[in-house]
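Chemist: Numbers in my numbering are just positions in the sequence shown, counted from 1, shifted up by 208.
Provided herewith is a single structure, encoded as structure tokens, for subsequent inquiry.
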Amino acid sequence: MKNHSKVPIGDLFRERRTAQRMTMREVAGAELSPTAVNNIEKGKIKPTVETVLYLCSVLDMPPELALISYPDFTKSAPALFEIVNERLREQRYDEAVTLLYDMFWVSVEQPGYEEILGLVQFQLGLVFAKLGRYACARESMNQAYYHFLAVKDIPRKIQSLYQIGNIELGERHTNVAIAVFKQALVVVHRYQHVDRHTGDILQRLADAHLQNLDCEKALQASLRAERVYRDVGAPDGVARSRLQQAELLMQLDALPEAERVAMQAYSWFAEHGESHESLASAARVLGVLMTRSKRYEEAAARFAEASARLGPTDCRERWKVECDTAELALCHHDINAAREHARAALAICDSRSTRDRIWPEDRAHTYRLLARCDRLAGDEAKYVRAMQEAVSSLQTGGNAIQAALYQSELADETHDWELMREAAQTLRRLHELPR
Numbered sequence: 209m210k211n212h213s214k215v216p217i218g219d220l221f222r223e224r225r226t227a228q229r230m231t232m233r234e235v236a237g238a239e240l241s242p243t244a245v246n247n248i249e250k251g252k253i254k255p256t257v258e259t260v261l262y263l264c265s266v267l268d269m270p271p272e273l274a275l276i277s278y279p280d281f282t283k284s285a286p287a288l289f290e291i292v293n294e295r296l297r298e299q300r301y302d303e304a305v306t307l308l309y310d311m312f313w314v315s316v317e318q319p320g321y322e323e324i325l326g327l328v329q330f331q332l333g334l335v336f337a338k339l340g341r342y343a344c345a346r347e348s349m350n351q352a353y354y355h356f357l358a359v360k361d362i363p364r365k366i367q368s369l370y371q372i373g374n375i376e377l378g379e380r381h382t383n384v385a386i387a388v389f390k391q392a393l394v395v396v397h398r399y400q401h402v403d404r405h406t407g408d409i410l411q412r413l414a415d416a417h418l419q420n421l422d423c424e425k426a427l428q429a430s431l432r433a434e435r436v437y438r439d440v441g442a443p444d445g446v447a448r449s450r451l452q453q454a455e456l457l458m459q460l461d462a463l464p465e466a467e468r469v470a471m472q473a474y475s476w477f478a479e480h481g482e483s484h485e486s487l488a489s490a491a492r493v494l495g496v497l498m499t500r501s502k503r504y505e506e507a508a509a510r511f512a513e514a515s516a517r518l519g520p521t522d523c524r525e526r527w528k529v530e531c532d533t534a535e536l537a538l539c540h541h542d543i544n545a546a547r548e549h550a551r552a553a554l555a556i557c558d559s560r561s562t563r564d565r566i567w568p569e570d571r572a573h574t575y576r577l578l579a580r581c582d583r584l585a586g587d588e589a590k591y592v593r594a595m596q597e598a599v600s601s602l603q604t605g606g607n608a609i610q611a612a613l614y615q616s617e618l619a620d621e622t623h624d625w626e627l628m629r630e631a632a633q634t635l636r637r638l639h640e641l642p643r
């Protein structure tokens, strides 16, 4: 499509009208006059963006073909971004990326388009991150940051840093992500630009600390996020922070406090008609807490509620529900139910729609659930195969420590002392590496 940026917009419409064998009067309809159509085709008058969209509709022409050739790109760019967002909603990622690159080249060829270039690069970064192309995502988001820096757009500069942190976190560069999120907070403090995005940054900082298994720091960041959301009047953010805190408190074995906080979040989501996924998340967390407290019937009801609210969709939250329900089934030795839910969780791991949100550790956890089912059923061969799959997932994902720990567990259960020696040597070598 890039070549269309060199073709006058009037020529595009004339060529399309001729190909469609339509008269100017037919194209004009009730919106325009035949004279106006003629003048647009000859380049004597510049149509508005609304007129361009009308002509594209009448001529059955993809609007981006004309909008990319519009004389004033600052006016057509918003409509093009809407088309990009529509493509993304429809998961037509290749088309979205192609259009964004067309917009990029038009912006580069004309002076004074720093802001649009920044927005294009920002959107490209988001799309590449969603596709798991982290190197491209990082490069695009860094370029967006520099463009926003050039035009002194502080809010978008902060958002770019936030997304760079998300990209690093998605690629499991946890310490880098923490540093980037902290840099974003420094910019927030320097310019006193506090809004709900500040709360979002703090929530993701909490996620990063949790990846580092530092629950205390994660809880501190989440509490700060809650305070920001309260200050800027974002009650939905407060509720999400409370739910995050409930999970962290559970990690710290503060079960009564965790349940109280989770119930507060659940009640807010229910009262304010929040999305089914938010309510499902809160119900699932309550279910996990009740499982930990050995209130199995209450836990089962919460997991059933979470599953019903999510519906038949593959998403990370459904994966969590399936895994947690399998854990509950194992607690009262219902091996068949546990295996059924573990297999459902594994199917979600393999689903195309969730591939970018499922980590190697998640897949390994799912295989370990299946292995536990096989162990309880007395099928040692299947147990070994499932645990080997779990170890392989961790090794592929670069988590050598967790892989060695899983190997130790497998060796202990099967009395494989050679494997135990290998796992111990791996752990010793990793422990001795410089930090």
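Built from N, CA and C at the ideal position, the CB exists for glycine as well.
Remember, predicted model here, so these are calculated numbers, not experimental data.
Counting pairs of Cβ atoms below 8 Å between the stretch 390 to 398 and the stretch 352 to 369, do you hit three or more?
Modeler: At 8 Å Cβ cutoff, the stretches touch.
Chemist: Assuming residue 411 contacts residue 382 (C-beta within less than 8 Å), just tell me the rounded distance between them.
Modeler: In the sequence shown, the residue the question calls residue 411 occupies position 203. In the sequence shown, the residue the question calls residue 382 occupies position 174. Not quite, the Cβ-Cβ distance comes to about 15 Å (not below 8 Å), so this is no contact.
Chemist: For residue 604, tell me which candidate among 569, 595, 628 has the shortest Cα-Cα distance.
Modeler: Counted from its first residue, the sequence shown places residue 604 at position 396. Nearest of 569, 595, 628 to residue 604, Cα basis: 569.
Chemist: Extract the residue ranges of the beta strand (DSSP E) inside the stretch 250 to 298, only unbroken runs of 3 or more that lie entirely within it.
Modeler: Listed in chain order, nothing qualifies, since the stretch 250 to 298 has no complete beta strand (DSSP E) run of 3 or more residues.
Chemist: In angstroms, rounded to a whole number, what distance separates the CA positions of residue 635 and residue 609?
Modeler: Position 427 of the sequence shown, counted from the first residue, corresponds to residue 635. Position 401 of the sequence shown, counted from the first residue, corresponds to residue 609. Going by the C-alpha atoms only, they are around 6 Å apart.
Chemist: Identify which residue in 357, 380, 406, 599 has its Cα closest to the Cα of residue 390.
Modeler: For the purposes of this step, residue 390 is taken as residue 182 along the sequence shown, with counting starting at 1. When each option's Cα is compared against that of residue 390, the closest is 406.
Chemist: List the whole-angstrom C-beta distance separating residue 262 from residue 239, where the pair is believed to meet the contact cut-off of C-beta under 8 Å.
Modeler: Counting from one through the sequence shown, the residue named residue 262 turns up at place 54. Counting from one through the sequence shown, the residue named residue 239 turns up at place 31. Residue 262 to residue 239, Cβ: 5 Å. Contact.
Chemist: Given this structure, state the Cα-to-Cα distance separating residue 374 from residue 414, to the nearest angstrom.
Modeler: Here the question's residue 374 lines up with position 166 in the sequence shown. Here the question's residue 414 lines up with position 206 in the sequence shown. Rounded to the nearest angstrom, the two C-alpha atoms are 12 Å apart.
Chemist: In whole angstroms, what separates the C-alpha of residue 379 from that of residue 340?
Modeler: By 1-based counting over the sequence shown, the position of residue 379 is 171. By 1-based counting over the sequence shown, the position of residue 340 is 132. Using only the alpha carbons, I get a separation of about 8 Å.
Chemist: Please name the residue in 403, 355, 451 whose C-alpha comes closest to that of residue 320.
Modeler: One-based indexing of the sequence shown puts residue 320 at position 112. Measuring from the Cα of residue 320, the nearest candidate turns out to be 355.
Chemist: Would you mind reading off the limits of the alpha helix (DSSP H) that contains residue 443?
Modeler: Sequence index remark: in the sequence shown, residue 443 carries index 235 (1-based). Counting along the chain, the alpha helix (DSSP H) containing residue 443 begins and ends at 443 to 459.
Chemist: Give the secondary structure of residue 521 by DSSP, where H, G and I count as helix, E and B as strand, and everything else as coil.
Modeler: Looking up residue 521 in the sequence shown gives position 313. Of the three classes helix, strand and coil, the one that applies to residue 521 here is coil, per DSSP.
Chemist: Taking Cβ positions, are residue 288 and residue 311 nearer each other than 8 Å?
Modeler: Working through the sequence shown from its first residue, we reach residue 288 at position 80. Working through the sequence shown from its first residue, we reach residue 311 at position 103. Yes; because the gap between Cβ atoms is below 8 Å, this pair is in contact.
Chemist: Report back the beta-carbon spacing between residue 594 and residue 579 to the nearest angstrom; my notes put them in contact at under 8 Å.
Modeler: Translated into positions along the sequence shown, residue 594 becomes position 386. Translated into positions along the sequence shown, residue 579 becomes position 371. Rounded, the Cβ-Cβ distance is 4 Å, consistent with contact.
Chemist: On the three-state DSSP scale, how would you describe residue 408?
Modeler: Within the sequence shown, the letter at position 200 stands for residue 408. Reduced to three states, the DSSP call for residue 408 is helix.
Chemist: Using the three-state DSSP reduction, which class does residue 215 fall into: helix, strand or coil?
Modeler: Counting from 1 along the sequence shown, the entry for residue 215 is found at position 7. If DSSP states are grouped into helix, strand and coil, residue 215 belongs with coil.
Chemist: Please determine, among 215, 435, 470, the residue with the shortest C-alpha to C-alpha distance to residue 496.
Modeler: As a position in the sequence shown, residue 496 is number 288, starting the count at 1. Considering only alpha carbons, the answer is 470.
Chemist: Are there 16 or more other CB atoms within 10 angstroms of the CB of residue 399, so buried, or fewer, so exposed?
Modeler: Within the sequence shown, numbered from 1, the residue matching residue 399 stands at position 191. By the neighbour-count rule (16 or more Cβ atoms within 10 Å), residue 399 is not buried but exposed.
Chemist: So, are the CB atoms of residue 473 and residue 442 less than 8 Å apart?
Modeler: For the purposes of this step, residue 473 is taken as residue 265 along the sequence shown, with counting starting at 1. For the purposes of this step, residue 442 is taken as residue 234 along the sequence shown, with counting starting at 1. The answer is no: Cβ separation not under 8 Å.
Chemist: In chain order, what residues of the same chain lie with their CB nearer than 8 Å to the CB of residue 541, ignoring the 5 residues before and after it?
Modeler: As a working note, residue 541 is residue 333 in the sequence shown. Answer for residue 541: 584, listed in chain order.
Chemist: Using a threshold of 8 Å, state whether the C-beta atoms of residue 372 and residue 401 are closer than that.
Modeler: Position 164 of the sequence shown, counted from the start, is the residue given in the question as residue 372. Position 193 of the sequence shown, counted from the start, is the residue given in the question as residue 401. Not closer than 8 Å, so no.
Chemist: Are the CB atoms of residue 332 and residue 353 within a distance shorter than 8 Å?
Modeler: Your numbering for residue 353 matches position 145 in the sequence shown. Your numbering for residue 332 matches position 124 in the sequence shown. No, Cβ-Cβ distance for residue 353 and residue 332 is not below 8 Å.
Chemist: Output needed for residue 212: all residues of its chain with C-beta closer than 6 Å, excluding positions within five of it in sequence on either side, in chain order.
Modeler: Position 4 of the sequence shown holds residue 212. Only weak support exists for where residue 212 lies, its pLDDT of 42 falling under 50; the value from the coordinates is given anyway. 273, 276, 277.
Chemist: Rounded to whole angstroms, what's the CA-CA distance from residue 226 to residue 271? Just pull it up for me.
Modeler: Position 18 of the sequence shown, counted from the first residue, corresponds to residue 226. Position 63 of the sequence shown, counted from the first residue, corresponds to residue 271. Their backbone Cα atoms lie some 17 Å apart in a straight line.
Chemist: Does DSSP put residue 567 in a helix, in a strand, or in coil?
Modeler: As a first step, residue 567 must be located in the sequence shown, where it is residue number 359. Residue 567 falls in the coil class under three-state DSSP.
Chemist: My assumption, with CB atoms under 8 Å, is that residue 614 sits in contact with residue 553. Please give the rounded CB distance.
Modeler: The sequence position of residue 614 within the sequence shown is 406, counting from 1. The sequence position of residue 553 within the sequence shown is 345, counting from 1. In fact, because the Cβ distance is near 17 Å, the residues do not count as touching under 8 Å.
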